[in-house]
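Position one of the sequence shown corresponds to residue -15 (this note's numbering), numbered consecutively onward. Every residue, glycine too, gets a C-beta built ideally from N, C-alpha and C. Worksheet: one structure, shown below.
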Amino acid sequence: MGVELEYGEVSAVDCLTCRIRVRLDDRDGVESYWLNVPQRNTQGTQCRPLMPELGEQVAVLLDADGVGGVYLGGIYSTVEPPPVIDENTDYVRFKDGTVITYDQVASEMSLNCVGAILLKCARNLTVESGEPVVVKAPSAILDIPQVALIGNLQVNGNINATGTIMDIGGNSSNHNH
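See below:
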């Protein structure tokens, strides 16, 4: 009993069981039975199943009677070419337009998120950079009970403060001499 490589379009997706159905090009559009979608890890380290999307062009391996089989992967075409062809760049584009890229030659990673980013950790968070760090935003709020600044502080603009501003000698900037 042989197996056949076939091509088609994903017609149904079942994320719970990690299976798909495919409308088969070489069988006049007949829909396959449910086909397993292999995953990278299924025990210990796990992640959300990577599933093809409805309408995606795919390759499948089917047994001779077309009943059993397995999904092999999506297929790019001239109508839907790969978004990036540089072999040194890893690239992920999500449906909403968010893009993550990593350029191995420049050693540069980029995250361009169309929405919000939330970074949470239960313990310490350390950011280290070998070069200056630049943060650009219309405004910023630091909701921190205490801040220790080690080094010099340069302010190019006004300082508006509530409360008392004291130097290390206990002198306030709003006293008379």
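Between the options, which has its C-alpha nearest residue i's C-alpha?
i     : options               : result
S(-5) : E(-12), R5, I101      : R5
I69   : T85, I125, V51        : T85
M35   : V54, T146, G99, L102  : V54
W18   : I143, N72, V(-3), G57 : V(-3)
S16   : L102, G52, V89, V131  : G52
D10   : G(-8), A48, E64       : G(-8)
C2    : K79, L102, C31, A106  : C31
K79   : L126, I101, C97       : C97
A100  : G81, M93, P129        : G81
Taking only the alpha-carbon atoms, compute the straight-line gap between residue i and residue j and give it to the nearest angstrom.
i    : j    : result
G135 : T26  : 49 Å
G39  : E112 : 44 Å
V117 : V139 : 16 Å
S61  : V119 : 40 Å
R24  : D151 : 58 Å
I143 : A106 : 33 Å
E64  : L126 : 45 Å
K104 : V14  : 48 Å
A132 : S91  : 32 Å
P122 : T110 : 24 Å
Name the DSSP bridge partner or partners of residue i?
i      : result
A(-4)  : R5
V(-13) : D47
S91    : DSSP output for S91 lists no bridge partner at all.
R77    : V83
N96    : V83
State yes or no: is the C-beta of residue i within less than 8 Å of the C-beta of residue j?
i   : j      : result
G57 : V42    : yes
P33 : V44    : no
E37 : L8     : no
V89 : N72    : yes
D47 : V(-13) : yes
Which runs of the beta strand (DSSP E), 3 residues or longer, sit entirely within the stretch 9 to 70?
41 to 47, 53 to 58
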